[in-house]
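Numbering (UniProt numbering), first residue to last: 1 to 63.
Structure, as structure tokens:
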Amino acid sequence: MKELFLFLALAVSAGLFTYLLLPADFVTHSVVFNLLKQEPKPRPIPLDAMGEGLEGGNLLSMD
């Protein structure tokens with residue numbers, strides 16, 4: 001029984017501390033709709049230090 005009261009006291013104090021410490025608008029959500037018709041192509045990653053591959057290509061050696 002003592003453990004339950006200790007846990008409740010710690011939980012309430014931690015909750016109160018968090019409530020007082022964090023601002024009211026700490027968590028905000030925004031919904032963004034993706035209006036693109038198709039996925040954009042990833043930017044190529046140069047293979048200058050990697051060795052083989054197409055010049056100026058990405059890791060898959062694709063342009």
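Glycine residues also receive a C-beta, built at the ideal position from the N, C-alpha and C atoms.
Fair warning: this is a prediction, and the values are worked out from it, not measured in the lab.
Close Cβ partners of residue i (< 6 Å) along its chain, the five nearest in sequence each way excluded
i   : result
T28 : none
For residue j and residue i, the rounded distance between their alpha carbons
i   : j   : result
L21 : S30 : 23 Å
L2  : L10 : The sequence given here places Lys at residue 2; Leu does not occur at that position. Approximately 12 Å between the Cα atoms of the pair.
K37 : D25 : 34 Å
K41 : P23 : 39 Å
F33 : R43 : 22 Å
L8  : L35 : 48 Å
T18 : E39 : 41 Å
A14 : F5  : 14 Å
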